[in-house]
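Enquirer:
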Amino acid sequence: MQYRLSVNLVDQENRPVILNCVVHDTASSYLEIYMDEAIELGLDSEYHYLGPMIRLETSNGAVFRLTFQVEVQLMADGHEVAEKVTAMACLVNDISLGQSHASGPFIQKTLFTATHPKGDLLIGANKTAIANLYRGR
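Take any residue in the sequence shown, note its place counting from 1, add 613, and you have its number in my numbering.
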């Protein structure tokens with residue numbers, strides 16, 4: 614099963630950007646959006662849901678990133694797994710080019726997760742969905 618995130622700006626009806634390589638990082642505070650993805654989303658200085666600049670400590674030192682709200686929907690094999698939720702994202706000053714995206718906390722706050730004995734991460738909107746995924750493996 615291939616999980617992807619469908620991301621759009623809040624209150625926008627644009628075609629969403631699909632994030633293919635998302636890492637469920639329980640320590641991350643923000644969903645990472647790269648510059649090319651932000652441009653594709655139509656993010657600009659007039660966006661009403663811009664947040665503050667934040668300081669993040671990395672292994673290479675401190676970085677400052679712009680934060681903003683997005684609507685996120687988890688997809689599996691092209692199908693919706695859960696309802697859209699609003700999440701905080703931060704702008705990464707780089708282009709995506711297949712790089713992974715930290716998920717931020719929205720997955721553990723809004724969805725049920727389990728790890729299959731074979732090591733796969735199972736994600737669903739409720740416990741029944743997780744059980745069905747488990748039986749299907």
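Built from N, CA and C at the ideal position, the CB exists for glycine as well.
1) From residue 618 to residue 704, what does the alpha carbon distance come to, in whole angstroms?
2) Based on the DSSP secondary-structure assignment, which residues constitute the bridge partners of residue 684?
3) What is the DSSP secondary structure of residue 645, counted as helix, strand or coil?
4) Closer than 8 Å is the cut-off here; do at least three beta carbon pairs connect the stretch 660–675 with the stretch 722–735?
5) Going by the beta-carbon positions, is the gap between residue 738 and residue 694 smaller than 8 Å?
6) In angstroms, rounded to a whole number, what distance separates the CA positions of residue 653 and residue 630?
7) State buried or exposed for residue 677, treating a residue as buried only when at least 16 other CB atoms are found within 10 Å of its CB.
8) Is it buried or exposed, residue 675, if we count other Cβ atoms within 10 angstroms and call 16 or more buried?
9) Cα-Cα, which of 663, 715 and 707 is closest to residue 642?
10) What residues in its chain sit with their C-beta under 6 Å from that of residue 663, if we drop five residues either side in the sequence?
11) From the DSSP output, read off the bridge partner residues of residue 727.
12) According to DSSP, is residue 652 helix, strand or coil?
13) What does the Cβ neighbour count give for residue 622, buried or exposed, with the cut at 16 atoms within 10 Å?
14) Between 701, 689 and 699, which lies nearest to residue 742 when the distance is taken from Cα to Cα?
Expert: The short version:
1) If you number the sequence shown from 1, residue 618 lands on position 5. If you number the sequence shown from 1, residue 704 lands on position 91. About 16 Å.
2) Position 71 of the sequence shown, counted from the start, is the residue given in the question as residue 684. Residue 684 is bridged to 621 and 699.
3) As a working mapping, residue 645 is identified with position 32 in the sequence shown. Strand.
4) no
5) What you label residue 738 is simply residue 125 of the sequence shown in a count that begins at 1. What you label residue 694 is simply residue 81 of the sequence shown in a count that begins at 1. In this structure, residue 694 lies closer than 8 Å to residue 738 by Cβ.
6) One-based indexing of the sequence shown puts residue 653 at position 40. One-based indexing of the sequence shown puts residue 630 at position 17. Taking the straight line joining both Cα atoms gives about 7 Å.
7) In the sequence shown, counting from the first residue as 1, residue 677 sits at position 64. When all chains shown are included, residue 677 counts as exposed.
8) Here residue 675 corresponds to residue number 62 of the sequence shown, with the count starting at 1. Exposed is the call here.
9) Reading the sequence shown from its first residue, position 29 is the one you call residue 642. It is 715 whose Cα lies nearest to the Cα of residue 642.
10) What you label residue 663 is simply residue 50 of the sequence shown in a count that begins at 1. If we look at residue 663 and ignore the five residues flanking it on each side, its Cβ neighbours are 681.
11) To locate residue 727, count along the sequence shown from 1; it is residue 114. According to DSSP, which records beta bridges pairwise, residue 727 is partnered with 735.
12) Within the sequence shown, residue 652 is the residue found at index 39, counting from 1. In this structure, residue 652 counts as helix in the three-state DSSP scheme.
13) The count along the sequence shown starts at 1 and reaches residue 622 at position 9. Residue 622 should be labelled buried.
14) Mapped onto the sequence shown, residue 742 falls at position 129. That would be 689, whose Cα lies nearest to the Cα of residue 742.
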